[in-house]
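Protein chains: 4
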Amino acid sequence: MSLTSDEPIGVAVVGAGYWGPNLVRNFQSSPDFRLAWLCDLDVARAKKVLGGYSTVQPTDDLALVLADENVAAVAIATPAGTHLDVAMQALAAGKHVLVEKPLAATYAEGVELVAEAERRGLILMCDHTFCYTPVVTRIRELVHSGEIGDLQFLDSVRINLGLVQRDIDVLWDLAPHDLSILDFILPAGVEVVSVSAHGTDPIGAGRACIGYLTLQLSTGAIAHVHVNWLSPIKVRTTIIGGSKRTLVWDDLSPTTRLAIYDRGVDVAAPEELGDEARRNLLVSYRSGDMVAPALLEREALSTMVAQYAAAIRTGTPPLTDGRAGLRVLRILEAASASLRAGGVAVRLDTDGGIS
Amino acid sequence: MSLTSDEPIGVAVVGAGYWGPNLVRNFQSSPDFRLAWLCDLDVARAKKVLGGYSTVQPTDDLALVLADENVAAVAIATPAGTHLDVAMQALAAGKHVLVEKPLAATYAEGVELVAEAERRGLILMCDHTFCYTPVVTRIRELVHSGEIGDLQFLDSVRINLGLVQRDIDVLWDLAPHDLSILDFILPAGVEVVSVSAHGTDPIGAGRACIGYLTLQLSTGAIAHVHVNWLSPIKVRTTIIGGSKRTLVWDDLSPTTRLAIYDRGVDVAAPEELGDEARRNLLVSYRSGDMVAPALLEREALSTMVAQYAAAIRTGTPPLTDGRAGLRVLRILEAASASLRAGGVAVRLDTDGGIS
Amino acid sequence: MSLTSDEPIGVAVVGAGYWGPNLVRNFQSSPDFRLAWLCDLDVARAKKVLGGYSTVQPTDDLALVLADENVAAVAIATPAGTHLDVAMQALAAGKHVLVEKPLAATYAEGVELVAEAERRGLILMCDHTFCYTPVVTRIRELVHSGEIGDLQFLDSVRINLGLVQRDIDVLWDLAPHDLSILDFILPAGVEVVSVSAHGTDPIGAGRACIGYLTLQLSTGAIAHVHVNWLSPIKVRTTIIGGSKRTLVWDDLSPTTRLAIYDRGVDVAAPEELGDEARRNLLVSYRSGDMVAPALLEREALSTMVAQYAAAIRTGTPPLTDGRAGLRVLRILEAASASLRAGGVAVRLDTDGGIS
Amino acid sequence: MSLTSDEPIGVAVVGAGYWGPNLVRNFQSSPDFRLAWLCDLDVARAKKVLGGYSTVQPTDDLALVLADENVAAVAIATPAGTHLDVAMQALAAGKHVLVEKPLAATYAEGVELVAEAERRGLILMCDHTFCYTPVVTRIRELVHSGEIGDLQFLDSVRINLGLVQRDIDVLWDLAPHDLSILDFILPAGVEVVSVSAHGTDPIGAGRACIGYLTLQLSTGAIAHVHVNWLSPIKVRTTIIGGSKRTLVWDDLSPTTRLAIYDRGVDVAAPEELGDEARRNLLVSYRSGDMVAPALLEREALSTMVAQYAAAIRTGTPPLTDGRAGLRVLRILEAASASLRAGGVAVRLDTDGGIS
């Protein structure tokens, strides 16, 4: 299916639940796409999402959608357990595929999807929406450019009174955001080497409603994630500590969403640290300015949709491709294993992935 | 040494470093005490703390202080490693003893102190200052009275750009605050059963500068503590989740220091939870009001000092007595063991303590 | 044009600029209305607002819209200077009319509109959107029910880096929000008796970019409004002081949008105040709890649209009818007069209005 | 009375009420002074302030204090109505004088004091404490250096549940802070030309409890001050708008006390503004970074005390000398006149002052 670069790409959205309407809205406002279908097993729900004024066609017939030659791409916003099936059908029909996070219900299923998409030369993109926010893009630049120095720690808190999910625990529900962001901003060559997870289900929901993840990175740095469905207050704060500067991203503060602190603790070179009494003199504190850079106000999904189009047109994998989705799945599975084992650190098998 | 109830108690402060001046100021303004001495190995430092207008006597001679018959009580604000020695001398001289947190450098040393004080019938009090703040007092009432329902989780964050300590890591420096508060508010019969600790030293300071503690409670609830010397921003927030209400204590918000949320997730009785489809209907969300109770503005140290006097006069152990200090030490030692073992959960030996 | 109560009301939106798209979206999602037309002098702009998937018809021909027998109501979101002309045409065609704030460019024009609508028995509604927010509805209840006691003062700040308008100053741009809210919540019988306005144009924009309004109320209470296009920070805070309780509405705080403070100053009865020394003893301070009530999250425009439908169906004027719009215009005109006169208090002619 | 530069200056504090204890504490910790006396009509109150450990002498005998040859300076923290009498006695005795704000109860009294001090060659300093905070010092630098460009507006809010004063209204109680800060930061040559004041006394306290000041500056810029004793929330925010940058000083935010915004509205040169349609194109918006500079944490009173010593030793008037106090008094009196006249703008007689 060849695409001329200035013709809108025919697209169908599959899934009219929580996230689907956002995709519908963004595909409709994108000049890159022509939205043809909204498909959901519950066609009434699809109709309701489209409203009474839309020319987009609702349907519950996925085969019909996939048979539409004008459709070159699909976007899947169904429950994770169905991703493998729906996405495999779409790939088999020669469609490019965008999937909601997480990529699939298991790492193994994710591997299948990535392999199939690569075999067919089709784009497989994971909708790690946060990676397309102006703030995360800027954080990535600040980390990759060396401006923060060496990454020393990352601490992310994502808590509020959240919907207790039917099929997944709070780690699988919320931590994919933090893990995909971590994956996106980590400098080349830095990897997650082990995962410890703690959690609890104090309301008898049948799955962890509060979770803590501790990730050891290959550099000795640490990343920690706190996710929680039971907090009466909403917190969305990530601190990214560097040897030169430290970033504080408070997503609930529109005016100071990102703060770059030139504050920190400096220690002299390790070889000078033998003498404890002397070392004490070698610790110094910087108390510099804070800069809150101006950030564009742009909806992340609109950027994501544009990147999906660009990937399709150029054949180049997007930054949050299937492999990025796989890396997140691998950590989630290790987290679940650790949770079952009472918090024991689970090492990630560095060559266990697809190659 | 008998004390008539309306005569000020002669007191000496030992240690004129970071915390000593606060003790000096509060003993001076207390009608319960008559401050006689400020003792420090560095007598110039003691003189500087007292300033040029004080009638309190500076000295570097602890024996002289302890020989003073007008001194019935001492307050020790020296480094933790010296607590055993200084406090044992004071007890031997028949003085009541107040010690800065942590009670001692090790659990074993703490046991010695508690045993000696009990043997001699002297008060041994731990200055867990936060327990004497109006806000923590109120939290204790809300937990103990059952107003929040069952305690489901506690999450405490205590981070800022902190002084890297010479002799202790961040867990021993900051977590005693959170652990003493937890000890203070836990309902009777609820105990910490195991501790997992993660930490990192990304600046080469020779000790953990960032730490995470996960405590399993005997009820299945979880407590989590994040302490960090490297954060450019200061956070002092504790969330205490209950089955009926959830408390948010933000110590940096003078106007809403304590918020009581009538918000939460309700699940029907566990026996009804077998059928997954049905269970889903049994989860409901409350979105009620938030109440920020009016709290007295009173300096915690002043209350603590008054409680020290009351304990001395009545012979009744204060709420934060030596045994409370011991319970904190036991958790800290388990945390250090877990940290060395890569985060493995370390069980607390419930009968391993002093009896 | 009779309407059966369960049939959607045919509606047309006039004006596809800043606010029109919000009306389009809300009429589309309302079961009460059937949106037929989006009319703008610039038909390309209307088409762009509708996007490529809508069945709503764009047009630049107002006569065509008004001739449509299926259209019973219009919503006008054009510049204030055109309100008289467009609304008079619509009323002449027998259509109910909703107008964006301010009702008209002048008080005299507003009087014409109100008279014409009343003569024809048609609904004339002013889109004072904020009055339909859950928070303002709640504030009105708290004031009208007497829960806050006597209204003592109102202080409203509405500042941010705002678009310098071409045709109106900052008072006419932003203060209508505050004035319509004030009008909405004032208890029956309490009136604005005079207006003082101060302003400045420090950037040479040709109109005031910063404005301050002081309104004297008939009870001796005061209302003050600060509007500002040049503030780098956004503030949207209104304090409503009562003799029993004081409300703080911070529209930028989703979690504590409304706080009800049981704090205040009590003074004994005035007859006891003769003796100054004694009076001093009669002032007392209450420092009670703060309650942040749970508020529904509902888009105000959706409620406004529903109220428009209800008014049309029942023939009962909505709370923000044309006369409410007139009261706001009268204050704005007095404010402009005061501004020109250097801040002199301009009295409102209580019988100068339409009767 | 000649002073060698390295000998502490003998000082006496007069007034042991609300502010006196802060002066006592700061003079005691200053190496520049030797505090000899604390004088209050109520000697018991003076004793209580000194506490049971001080070598400073309490007294109720001002003559005794002024007769003390070792006392070269006094600091007066008595009610404003007594400033003239106490300060004149002190000056007559050859003492340097520091007075709490406001300088005196009336402008005329202030003029007497300034004249007397100048005649005698003694330092007369006004304790405009806020001018000695690190943040106001920095703001002054940013304004005076031209870094913010032309001063366009200043908006200051100083509200909370405050003590209703017995002898003065809220303008005289709180606005001296804002007016002394304004006086301190205004660039050379910029003057306040008129004052409008609005206020209300909704609780029957016998004096305005809520006040609004609007000051016209000689450049066309505007300054506005809101002071309020009846607000349940505390706000201490000043916005200082400049043509290049705008400063936001939030005194209750320890981490972002001062924010420098590179945001604003630019308009092309006035001569190009004739054509309205064209002008519209000439307005542009800057949305740049925000910088929160690192500020020292230093108690303002300690800096003020050091400046008092420097002024005494060098004979050079301090920045907040008696004439600065006079300028504040002149505005306060104009404000009272405006308040009585219903808010009419009262012009300041530019040559009516002392010369």
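Which chain is which? The protein sequence lines are A, B, C and D, in order.
Heads up: the first sequence is residues 66 to 420, going by my numbering.
Heads up: the second sequence is residues 66 to 420, going by my numbering.
Heads up: the third sequence is residues 66 to 420, going by my numbering.
Heads up: the fourth sequence is residues 66 to 420, going by my numbering.
Virtual Cβ for every residue (Gly too), placed ideally from N, Cα, C.
query                                                                                                                                        : result
Interface flag, residue 122 of chain B vs chain D, CB-CB below 8 Å                                                                           : no
Residue 380 of chain C in three-state terms, based on DSSP                                                                                   : coil
As assigned by DSSP and simplified to three states, the class of residue 166 of chain D                                                      : coil
Status (buried if at least 16 other CB within 10 Å, exposed otherwise) for residue 319 of chain A                                            : exposed
Assigned secondary structure, residue 323 of chain C (DSSP; H/G/I helix, E/B strand, else coil)                                              : strand
Beta carbon of residue 324 of chain A nearer than 8 Å to that of residue 332 of chain A                                                      : no
DSSP state of residue 128 of chain D mapped onto helix, strand, coil                                                                         : helix
DSSP state of residue 189 of chain D mapped onto helix, strand, coil                                                                         : strand
Under 8 Å by beta carbon: chain D residues contacting residue 424 of chain B                                                                 : Lying outside 66 to 420, the shown extent of chain B, residue 424 of chain B is not represented and no answer is given.
Reduced DSSP category for residue 411 of chain A - H, G, I as helix; E, B as strand; rest coil                                               : strand
At least 3 beta-carbon pairs within less than 8 Å: the stretch 113 to 124 of chain A vs the stretch 140 to 152 of chain A                    : no
C-beta neighbour in chain B for residue 226 of chain D, strict 8 Å                                                                           : no
Chain-order list of residues whose beta-carbon lies under 8 Å from that of residue 330 of chain D (same chain, five-residue window excluded) : 348, 349, 350, 351
Alpha-carbon spacing of residue 146 of chain D relative to residue 367 of chain C, whole angstroms                                           : 59 Å
Rounded separation between residue 288 of chain C and residue 230 of chain D - CA only                                                       : 23 Å
Residue 98 of chain D, enclosing beta strand (DSSP E) - first and last residue                                                               : 98 to 104
Neighbouring residues, chain A, relative to residue 356 of chain D (Cβ below 9 Å)                                                            : 354, 355, 356, 357
Cut-off 7 Å between Cβ atoms - residues of its own chain near residue 71 of chain C, not counting five sequence neighbours on either side    : none
Within chain C, partners of residue 295 of chain D - CB distance below 8 Å                                                                   : 217, 218, 306, 311, 329, 330
C-alpha distance - residue 135 of chain D paired with residue 110 of chain B, whole-angstrom precision                                       : 28 Å
Residue 322 of chain C beta carbon less than 8 Å from that of residue 311 of chain C                                                         : no
N- and C-terminal bounds of the alpha helix (DSSP H) containing residue 429 of chain A                                                       : Nothing can be reported for residue 429 of chain A: it is not among the residues displayed for chain A, which extend from 66 to 420.
Stretch-stretch touch, CB-based, cutoff 8 Å, three pairs: the stretch 170 to 182 of chain B with the stretch 390 to 402 of chain B           : yes
Assigned secondary structure, residue 123 of chain C (DSSP; H/G/I helix, E/B strand, else coil)                                              : strand
Inter-residue spacing [alpha-carbon to alpha-carbon] between residue 9 of chain A and residue 205 of chain B                                 : As displayed, chain A neither begins before 66 nor continues past 420, which places residue 9 of chain A out of reach and without an answer.
Proximity test, Cβ basis, 8 Å: residue 100 of chain A and chain C                                                                            : yes
Neighbour flag for residue 289 of chain C against chain D, beta carbons, 8 Å                                                                 : yes
Own chain residues within Cβ distance below 6 Å of residue 340 of chain B, not counting five before or after                                 : The predicted model places residue 340 of chain B with a pLDDT of 49, which falls under 50 and marks its position as unreliable; any figure quoted below should be read in that light. None.
CB contact check: residue 230 of chain B to chain D, cutoff 8 Å                                                                              : no
For residue 346 of chain A, three-class secondary structure by DSSP                                                                          : Its pLDDT being 48, under 50, residue 346 of chain A is placed unreliably in this model, and the value from its coordinates should be taken loosely. Note: residue 346 of chain A maps to helix in three-state DSSP.
Residue from B/133, B/132, B/141, B/108 whose Cα sits closest to the Cα of residue 92 of chain B                                             : B/141
Contact list for the stretch 264 to 285 of chain C against chain D, Cβ threshold 9 Å                                                         : 264, 265, 266, 267, 268, 269, 270, 271, 274, 275, 277, 279, 281, 284, 285
Simplified DSSP assignment, three categories, for residue 260 of chain A                                                                     : strand
Contact the stretch 290 to 302 of chain A vs the stretch 215 to 228 of chain A: 3+ CB pairs below 8 Å                                        : yes
Rounded C-alpha distance that separates residue 100 of chain A from residue 117 of chain C                                                   : 10 Å
Presumed contact (8 Å Cβ cut-off) between residue 264 of chain D and residue 234 of chain D, rounded CB distance                             : 7 Å
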